[in-house]
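Number of protein chains: 2
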Amino acid sequence: MKKNFKKVNAGIIVIGNEILSGRTQDLNVSFISKWLNEKNGISVNEVRVIPDVEKIIVKTTNELRKKYNYIFTTGGIGPTHDDITAKSISKVFKVKYEYHPEAFAILKKYYGKNNFNDGRKKMSKMPRGSDLIYNPSSAAPGFKIQNVFCLPGVPLILRSMIHNCAKYLKKGSKVYSDSINLITVESNISRDLGKLQKKYKKYIDIGSYPFFRLGRVGVSIVLRSQNKHKISLCKTEILKNIVEKKKIKKV
Amino acid sequence: MKKNFKKVNAGIIVIGNEILSGRTQDLNVSFISKWLNEKNGISVNEVRVIPDVEKIIVKTTNELRKKYNYIFTTGGIGPTHDDITAKSISKVFKVKYEYHPEAFAILKKYYGKNNFNDGRKKMSKMPRGSDLIYNPSSAAPGFKIQNVFCLPGVPLILRSMIHNCAKYLKKGSKVYSDSINLITVESNISRDLGKLQKKYKKYIDIGSYPFFRLGRVGVSIVLRSQNKHKISLCKTEILKNIVEKKKIKKV
């Protein structure tokens, strides 16, 4: 790591029985991670998927918010009885769970006075002192309190609002990455790759990921570093000393 | 819960920087959860995604294996330098990390004597005393030690071998589920649904999940219980007192 490299990290807490039961495929983790990484220089160090149980939400959030710069939660901020994230996060910070005046006004306007029922009102209840994360899709805002950002579980909605978190984040240094895709199997290159990882230990993380394409087996080698020049040096070595030498086909 | 209901639970640990960076979309959690649920009556209570770092793998596995009946890990059992799951799990159980004779023989046969290089041999190194989880796709077996099952990260391979874990699992009681899909928004039914959840608290978990279909917004109501009869009673009430009364369209 370079001395002036600024590391900022985050954790993600996915709140939802439907993810744990396998009924719903989570699509938010990879999206949030990529967005944090690529747009903000923030790396996600840990993800937890937990059930809709207040005690567990409180315990998990308390544990992770002390460990990482930022925590992102997904799920549980809708209008139904199983949406308990906002209430639970109020307990985390020991503040009142109450109507947020601006959120209340936004939702009242969105639904119209006559259709603003209890479930819809509930979506404006948050921990006292929260900042809103505006939602251009379906109006109901997410919220941020201290270093915890609470977002909805529906991927389309989450994606439409995540950029509204950016102004609250301090950015980390950019991590560059490059990759080489080869038609080979990992066990054919593992030894050479291991040697290179040792050599570049201080600068580069080398990852190796098998893939399948049109019935053929391949390996994607991914180089990640804050030093663009070292990535290019390492890539050249891989191409020359592994790919060319072993006559491996690139894709 | 009925008195004779047998609860068996599990945790999943996804090991892989590529999942944390957002580069790769995890597809194993939902698959394993469903398989455990539907085929074995085992519910997944927690998932963690962690990096390829020995210290963290050891700590996380130690924490979770005491909390749940079974732990499933995915990723990190291939031939490359970043595959450190087997070595880390050896440290969890304080046993030797060594060639498993049967795994060694399987891989030697699969690759042929002349192509059985160090990377390939590495895939037969495991914690001493492990049982093999056979792999019909690409030969390299997963392993089980005490209540920890270690599986590969590539979804196609994992799916082809998970049934080989079944013989080691004690089964839990089956949890039944049924669902009703409605063209409406959650906030239109949240109050009535909340009341029903209170009424059926002892028997049923009612979940409510928004979805989008051909540009229309819908809600999937999911009922889960070990009591089939109660599910059917509750479903009838939802159809009569919410769906019919509010003239909501079903899909």
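One line per chain: the protein sequences are A and B, in this order. Following my numbering, the numbering of the first sequence begins with 1 at its first residue and continues without gaps. Following my numbering, the numbering of the second sequence begins with 252 at its first residue and continues without gaps. Heads up, the beta-carbon is just placed ideally off N, CA and C, and yes, glycines get one too.
> Since Ser471 (chain B) contacts Arg120 (chain A) with CB under 8 Å, what's their CB separation in whole angstroms?
Replying inline: The Cβ separation is near 19 Å, so there is no contact.
> Name the DSSP beta bridge partners of Ala337 (chain B), please?
Replying inline: The partner list for Ala337 (chain B) (beta bridge, DSSP) is empty, contrary to what the question assumes.
> How about Val8 (chain A): is its C-beta nearer than 8 Å to some C-beta of chain B?
Replying inline: no
>> For Leu182 (chain A), report the span of its beta strand (DSSP E) as first-last.
In response: 176 to 183
>> Looking at chain B, is there any beta carbon in it that lies within less than 8 Å of the beta carbon of Met1 (chain A)?
In response: Only weak support exists for where Met1 (chain A) lies, its pLDDT of 45 falling under 50; the value from the coordinates is given anyway. Not an interface residue.
> Along the region 78 to 92 of chain A, what residues have a CB closer than 9 Å to any CB found in chain B?
Replying inline: Gly78, Pro79, Thr80, His81, Asp82, Asp83
> So, helix, strand or coil for Lys310 (chain B), using DSSP?
Replying inline: helix
> On the premise that Asn279 (chain B) lies in contact with Thr325 (chain B), defined as a C-beta separation below 8 Å, what is that separation, rounded to the nearest angstrom?
Replying inline: So it is a contact: roughly 5 Å between Cβ atoms.
> In the DSSP assignment, what residue or residues form a beta bridge with Ser15 (chain A)?
Replying inline: With the sequence shown as reference, residue 15 (chain A) is identified as Ile, and Ser is not the correct amino acid for it. Paired residues: A:Ile50.
> Opposite Leu151 (chain A) in the DSSP bridges: which residues?
Replying inline: A:Thr74
> What residues from chain B crowd round Lys34 (chain A), counting only those whose CB sits closer than 7 Å?
Replying inline: Gly273
>> Could you give the first and the last residue of the continuous alpha helix (DSSP H) run that contains Leu233 (chain A)?
In response: Element bounds for Leu233 (chain A): 228 to 237.
> Rounded to a whole number of angstroms, what is the C-alpha to C-alpha distance between Leu158 (chain A) and Met374 (chain B)?
Replying inline: Between Leu158 (chain A) and Met374 (chain B), the C-alpha separation is close to 40 Å.
> Do three or more CB pairs link the region 401 to 419 of chain B to the region 441 to 451 of chain B at distances below 8 Å?
Replying inline: no
>> Just to confirm my understanding: we take Glu269 (chain B), look at its own chain, exclude 5 residues before and 5 after, and list those with CB closer than 7 Å. What are they?
In response: The answer, listed in chain order, is Thr275.
> If we count the other Cβ atoms within 10 Å of its Cβ and call it buried at 16 or more, is Asp26 (chain A) buried or exposed?
Replying inline: buried
> Going by alpha carbons, who is nearest to Val217 (chain A) out of A:Ser88, A:Pro136, A:Val185?
Replying inline: A:Val185
> Which partner residues does Glu349 (chain B) have in the DSSP bridge list?
Replying inline: B:Met377
> DSSP three-state call for Ser389 (chain B): helix, strand or coil?
Replying inline: coil
>> Using DSSP's beta-bridge definition, name the partner residues of Pro461 (chain B).
In response: Its beta-bridge partners are B:Val470.
> Excluding five sequence neighbours on each side, which residues of the same chain lie with their C-beta closer than 6 Å to the C-beta of Gly41 (chain A)?
Replying inline: Lys171, Gly172, Ser173, Lys174
>> Does any residue of chain A have a CB that is nearer than 8 Å to the CB of Tyr460 (chain B)?
In response: yes
> Can a CB atom of chain B be found closer than 8 Å to the CB of Ile253 (chain A)?
Replying inline: Outside the modelled stretch of chain A, which goes from 1 to 251, sits residue 253 (chain A), for which no answer is possible.
>> Taking the beta carbon of Arg299 (chain B) as the centre, do at least 16 other beta carbons fall within 10 Å, making it buried, or is it exposed?
In response: Counting the other CB atoms within 10 Å of its CB gives Arg299 (chain B) a total of 16 or more, which places it among the buried residues.
> Between the Cα of Ala261 (chain B) and the Cα atoms of B:Ser272, B:Gly267, B:Leu271, B:Asn288, which residue gives the shortest distance?
Replying inline: B:Asn288
>> Taking the straight line between their C-alpha atoms, what separation do you get for Lys240 (chain A) and Asp303 (chain B)?
In response: 27 Å
> In this structure, does DSSP put Leu383 (chain B) in helix, strand or coil?
Replying inline: strand
>> Taking a contact to mean a Cβ-Cβ separation below 8 Å, would you say Ile231 (chain A) touches Tyr176 (chain A) in this structure?
In response: Yes; because the gap between Cβ atoms is below 8 Å, this pair is in contact.
> Using a Cβ-Cβ cut-off of 7 Å (strictly less than) and excluding sequence neighbours within five positions of Gly194 (chain A), which residues of its own chain qualify?
Replying inline: none
> Mind checking Gly329 (chain B): buried by the 16 CB within 10 Å criterion, or exposed?
Replying inline: buried
>> Please return the same chain residues whose Cβ sits closer than 8 Å to the Cβ of Asp82 (chain A), not counting the five positions on each side in sequence.
In response: Asn17, Asp52, Gly76
> Taking only beta-carbon atoms, is Ser30 (chain A) less than 8 Å away from chain B?
Replying inline: yes
>> Output needed for Phe116 (chain A): all residues of its chain with C-beta closer than 7 Å, excluding positions within five of it in sequence on either side, in chain order.
In response: Leu107, Lys108
> Among the residues of its own chain, which have a CB less than 6 Å from the CB of Asp443 (chain B), if the five just before and after it don't count?
Replying inline: Ile493
> Can you give the Cα-Cα distance for Trp286 (chain B) and Leu402 (chain B), rounded to whole angstroms?
Replying inline: 14 Å
> Cβ of Val92 (chain A) within 8 Å of Cβ of Thr61 (chain A)?
Replying inline: Contact flag set, yes.
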